[in-house]
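Chemist: Below is a structure I'd like to ask you about.
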Amino acid sequence: RKVHNLKAYRPPHFLVEQVTLTFELDPSATRVEALTHFKRHPDAPTDAPLQLHGEELQPELLEIVGQQERPHYHIENDRLTLTPPAESFTLRCVTRIAPDKNSALDGLYISGGMFCTQCEAEGFRKITYYPDRPDVMAKFRVTLIAEAQQYPILLSNGDKVATADLGDGRHSATYEDPYPKPSYLFALVAGDLALLEDHYTTAEGRKVTLQLYSEHHSIDQCGHAMQALKKAMQWEESRYGLSYDLNTYMIVAVGNFNMGAMENKGLNIFNTKYVLAAPHVATDAEYEAVEGVIAHEYFHNWTGNRITCRDWFQLSLKEGLTVYRDQSFSADIVSGSVQRIQDVRLLRNHQFPEDAGPTAHPVQPESYIEINNFYTSTIYNKGAEVIRMLETLLGWPIFRQGMDLYVARHDGQAATVEQFICCMEDASGRDLGQFRLWYVQAGTPELTFNSLYYPESQRYVLNVTQVCPPTPGQLSKAPMHIPIRMALLDPDGQPQSLKLVDGEQVLGAETVLELTTGEATYTFEGVSKAPTPSLMRGFSAPVKWDAALDREALAFLWANDNDPFNRWESGQILAVETILDMVGLTQQNGELPDLPESFAHAFETIIKDGKSEPALLALSLSLPTTGYIMDRMDKADPHLVYRVRQHVRQAVASRFRPLFLSLYGRHYSDEPYHYSPANAGARALKNLALDYLLENPEPTVLALAHKQFHQADNITDWLGAYGPLLRCGSPSSSELTHILYTRCKDSANALDKWFSTQVTMVAGPEALSLAKALTQHPDFSWSTPNKVRAVVGSFSGANPTAFHAIDGSGYGFLQEVIAQLDEKNPQLAARLCTYFTRWRRMVPELSQPMQNALQRLLDTPNLSNDTYEIVSKSLA
Ligand code: HT7
Ligand code: ZN
4 RKVHNLKAYR PPHFLVEQVT LTFELDPSAT RVEALTHFKR HPDAPTDAPL QLHGEELQPE
64 LLEIVGQQER PHYHIENDRL TLTPPAESFT LRCVTRIAPD KNSALDGLYI SGGMFCTQCE
124 AEGFRKITYY PDRPDVMAKF RVTLIAEAQQ YPILLSNGDK VATADLGDGR HSATYEDPYP
184 KPSYLFALVA GDLALLEDHY TTAEGRKVTL QLYSEHHSID QCGHAMQALK KAMQWEESRY
244 GLSYDLNTYM IVAVGNFNMG AMENKGLNIF NTKYVLAAPH VATDAEYEAV EGVIAHEYFH
304 NWTGNRITCR DWFQLSLKEG LTVYRDQSFS ADIVSGSVQR IQDVRLLRNH QFPEDAGPTA
364 HPVQPESYIE INNFYTSTIY NKGAEVIRML ETLLGWPIFR QGMDLYVARH DGQAATVEQF
424 ICCMEDASGR DLGQFRLWYV QAGTPELTFN SLYYPESQRY VLNVTQVCPP TPGQLSKAPM
484 HIPIRMALLD PDGQPQSLKL VDGEQVLGAE TVLELTTGEA TYTFEGVSKA PTPSLMRGFS
544 APVKWDAALD REALAFLWAN DNDPFNRWES GQILAVETIL DMVGLTQQNG ELPDLPESFA
604 HAFETIIKDG KSEPALLALS LSLPTTGYIM DRMDKADPHL VYRVRQHVRQ AVASRFRPLF
664 LSLYGRHYSD EPYHYSPANA GARALKNLAL DYLLENPEPT VLALAHKQFH QADNITDWLG
724 AYGPLLRCGS PSSSELTHIL YTRCKDSANA LDKWFSTQVT MVAGPEALSL AKALTQHPDF
784 SWSTPNKVRA VVGSFSGANP TAFHAIDGSG YGFLQEVIAQ LDEKNPQLAA RLCTYFTRWR
844 RMVPELSQPM QNALQRLLDT PNLSNDTYEI VSKSLA
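Those letters in the sequence shown? Residues 4 to 879, by the UniProt record's numbering.
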């Protein structure tokens, strides 16, 4: 299979100044005419051929405008090579494509009766022959022609400059985008859509029309997204001084979409999951996710569209930076500490395992087979952490100057990670040579801290070492540049002021140490009382660390640290250590041990905490996931971890039943649903209390849950009661399932949760037959990625005892699904393979059947590049 290498990058021989596209839209035979004006790159040799990409295409017509004779060309391996007639010329190319047969959802396809496109990363080449690479930026003029009755709305990037009634039942619309863009940002939509419209006046005085399109039945669910868009536009102006640059900003919600959303210039296309929000269809978490994703796509207008990537090895240049920006936005509008904890949880649950597994790759990968496989947590979330470290090291004002310089220098260009770092160096005057390693070295660095306090001299000595484990193709690593944000807390939990021996200045109560060597020792003086160190505050670097703290110190920090992230973190470490100890004892003695008193006491202090905001308290009282605990084991046994974790939950639930009941009562509300971060936090805490209480489902608690299920007016609370009731095997389960179905059946997004809650909450062997049965349900469709993720994704990723069934049946199910889906939608199939990639880390009785499932996949005839890459790397 062809491997693409960063080192092989060469600039294009020909640039495109202008492309004029005409689409005659027809589901089974859309005619595409492309008039592309090429100009030889100034540095290209005069005999350089023109190379165009084209996949699953045949040219119906290919001619040089103004020339009688047909050009010489040949087509091989999805490339059309043509001898150019001159330095500059226009090529006319006609292709015919069948959007109704496009089940891969890449290129031009049909979703819910509307035409739509997905061109990132390489979908444009399925539409016409073109240099489909991000460093070719062109001005687009697009005409759409379609049946007027069936497709009254015709949209493309930029400004609508003409419309026409063609007299034969068809109509047309022409769009011009004044900003040169790469082909991956091209989009079109045609369909019978409802519109929600609003306006925003930019700081520069531009009155922008904001348009949100969806199917008619869901247009009343678009208000929350519209408000989010206005907040994002305002936030970017005040934080970065960047305003929107077109007269219209359009967002279209589509039901069939491989990812979350797409930032096409002026015409974003969104998975409905990240647009539609109403109390009965979206949970509180989804209301938050809508805000985050709307902001993310909007922020791409500058970090991604105005400044794009030179090649796909630079993907994190736009994705890491934009995730960092959307996280900052959410921190500002929701809660800084809650947002930070959620971001870190995501990183640890997805990126850390990726970085420790067979598909580990640097933030700037060196090679790939299929670029679609590189829209990973490493590119997005670790990439965002790398940007955040720059902000930490340089400080916000200098970081912002670096951003201003980046925009001033590279606006309108296809840039590289290297150029971005140069801007940060030029703005700060600092050498970021060692920092660049974060982009090229894969793997999660591991820090070990050791400390000693000397009461006589009032000195505190902190020693730290770093190592980074080997990853595929990178056996040894150089030390990284790691910011360590830290404080020393006195026995009252107050940070003491810090002064390094030989250091010139008093550092204040919190400082950032810069670790650049394999080992370093820091000596603080004037430390009057034995301190408890609060290290890596706010998760100051994407690393694992061992702070070498005993349980007493962890409990102290869980209750007292004035850094909210570290408060939460200390509770998580305490819980993981406690559970792992109990796992060891269970293995030794064959029976579950009692919950250690030390943990119970610490937990009690937190549950009685009346000061923390409810959302934070809910996070603090949540145990680490089974997956996260398993990642701490040499050989992971999901069944044992699940059993012990459940045992801890049950023990805590019965011991603190009155406290959970009181939490529930205090945060219960009869008010009609209204989304706000505060209300969502209260609901999260109340539902967490109910979840614990239902570990011991006695009649009073069951009554509370049923009351909530029957009386609530929103899906957050329906699921908050329904999920745990299902898990505890309540006799009313099937009746509740039926009631919930009737409440959800008119919304695809609500139904997704009806599907996923069932396969997640039913434990053991029943879950597999349920998952299989649900794939036969009339509302299930293999063509809709959201449905596949709801059933197959939830089964494989969120139901450990069922997926890891000892007879291998869960693995067999996933393997068969992937093999079949691969023919239809390779991107989706390849993503599902990631549930298998951790096979080497499992106990032998599970790793063997997992490996067998992967091998069977590898032996599947005609495997796509997407699936082949993940499977073969997993087995290597
Ligand atoms: N930039 C967008 C990436 C994306 C995508 C990539 C591959 C295949 C399908 C896709 N849909 C969207 C999303 C984003 O990061 O904003
Ligand atoms: Zn993005």
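All C-beta atoms, glycine included, are put in the ideal place defined by N, C-alpha and C.
Bear in mind that the values here come from a model prediction, so they are computed numbers and not experimental data.
Under three-state DSSP, which class holds I130?
Modeler: Coil.
Chemist: Assuming N828 and A107 make a contact with CB atoms under 8 Å, what is their CB distance in whole Å?
Modeler: 5 Å
Chemist: Rounded to whole angstroms, what's the CA-CA distance from S615 to W571? Just pull it up for me.
Modeler: 11 Å
Chemist: May I ask you to report which of helix, strand or coil DSSP gives L478?
Modeler: Three-state DSSP puts L478 in coil, outside helix and strand.
Chemist: Check whether the Cβ atoms of G811 and P852 lie closer than 8 Å to each other.
Modeler: yes
Chemist: Going by C-alpha to C-alpha distance, which of Q152, V164, K163 sits closest to G170?
Modeler: Q152
Chemist: Please classify R13 as buried or exposed, where buried requires at least 16 other C-beta atoms within 10 Å of its C-beta.
Modeler: Exposed, because fewer than 16 other Cβ atoms sit within 10 Å of the Cβ of R13.
Chemist: Rounded to whole angstroms, what's the CA-CA distance from A578 to L393? Just pull it up for me.
Modeler: 31 Å
Chemist: Strictly closer than 6 Å from CB to any heavy atom of the ligand ZN: give me those residues in the order they appear in the chain.
Modeler: H299, H303, E322, T325
Chemist: Give me the residue from V97, F659, F839, I487 with the minimum Cα distance to K876.
Modeler: F839
Chemist: Between the stretch 266-284 and the stretch 304-315, are three or more C-beta pairs nearer than 8 Å?
Modeler: yes
Chemist: Pick out whichever of D716, V97, K163 has its Cα sitting closest to the Cα of T131.
Modeler: V97
Chemist: DSSP beta-bridge partners for D162?
Modeler: Residue pairing by DSSP puts D162 in a beta bridge opposite E179.
Chemist: Report the option in S665, A292, G339 whose CA atom is closest to the CA atom of F568.
Modeler: Per the Cα distances, G339.
Chemist: Put R136 into one of helix, strand or coil per three-state DSSP.
Modeler: DSSP places R136 in coil when its eight states are reduced to three.
Chemist: In this structure, how does DSSP classify E517 when only helix, strand and coil are distinguished?
Modeler: In this structure, E517 counts as strand in the three-state DSSP scheme.
Chemist: Taking DSSP as the reference, what is the three-state secondary structure of N563?
Modeler: helix
Chemist: Note down, one range per segment and in chain order, each beta strand (DSSP E) of at least 3 residues found wholly within the stretch 233-297.
Modeler: With a minimum length of 3 residues, the unbroken runs of beta strand (DSSP E) contained wholly in the stretch 233-297 fall at 251-257, 270-274.
Chemist: Should N752 go down as buried or exposed, given a rule of 16 or more other Cβ atoms within 10 Å for buried?
Modeler: buried
Chemist: Any heavy atom of the ligand HT7 closer than 7 Å to the CB of M845?
Modeler: no
Chemist: Within 10 Å of its beta-carbon, does L478 have 16 or more other beta-carbons around it, so buried, or fewer, so exposed?
Modeler: exposed
Chemist: What I want to know is whether the C-beta of E123 ends up closer than 7 Å to one or more non-hydrogen atoms of the ligand COA.
Modeler: The model depicted lacks the ligand COA and carries the ligand HT7 and the ligand ZN instead.
Chemist: If you measure between the beta carbons of A605 and A558, is that distance less than 8 Å?
Modeler: yes
Chemist: Below 8 Å on the Cβ atoms is my guess for D869 versus N375; work out the distance and round it to an integer in Å.
Modeler: 6 Å
Chemist: In chain order, which alpha helix (DSSP H) runs of at least 4 residues are fully inside the stretch 736-773?
Modeler: 736-747, 751-764
Chemist: Please give me, in chain order, every unbroken run of the alpha helix (DSSP H) with length at least 4 that falls completely inside the stretch 576-651.
Modeler: 600-610, 617-623, 629-633
Chemist: Going straight from the alpha carbon of R313 to that of L501, what length do you get?
Modeler: 44 Å
Chemist: Compare the C-alpha of P545 against each of V389, V22, N699 and name the closest.
Modeler: Of the residues V389, V22, N699, the one whose Cα lies closest to the Cα of P545 is V389.
Chemist: Quick check: L53 and A37, are their CB atoms within less than 8 Å of each other?
Modeler: no
Chemist: Leaving aside the five residues before and after T778 along the sequence, list all residues of the same chain whose C-beta is less than 7 Å from its C-beta, in chain order.
Modeler: V794
Chemist: Does the separation of the CB atoms of Q469 and M483 fall below 8 Å?
Modeler: yes
Chemist: Use the C-beta contact count for G574: other C-beta atoms within 10 angstroms, 16 or more gives buried, fewer gives exposed.
Modeler: Per the 10 Å Cβ criterion, buried.
Chemist: Given the structure, does M265 come close to the ligand HT7, in the sense that its CB is under 7 Å from one of the ligand's heavy atoms?
Modeler: yes
Chemist: Report the CB separation of V515 from W441 in whole angstroms; it is logged as a contact under 8 Å.
Modeler: Not really, about 16 Å apart at Cβ, beyond 8 Å.
Chemist: Check whether the Cβ atoms of A190 and L270 lie closer than 8 Å to each other.
Modeler: Contact flag set, yes.
Chemist: Could you check how far apart the C-beta atoms of S537 and L560 are, in whole angstroms? I think they sit under 8 Å.
Modeler: 6 Å
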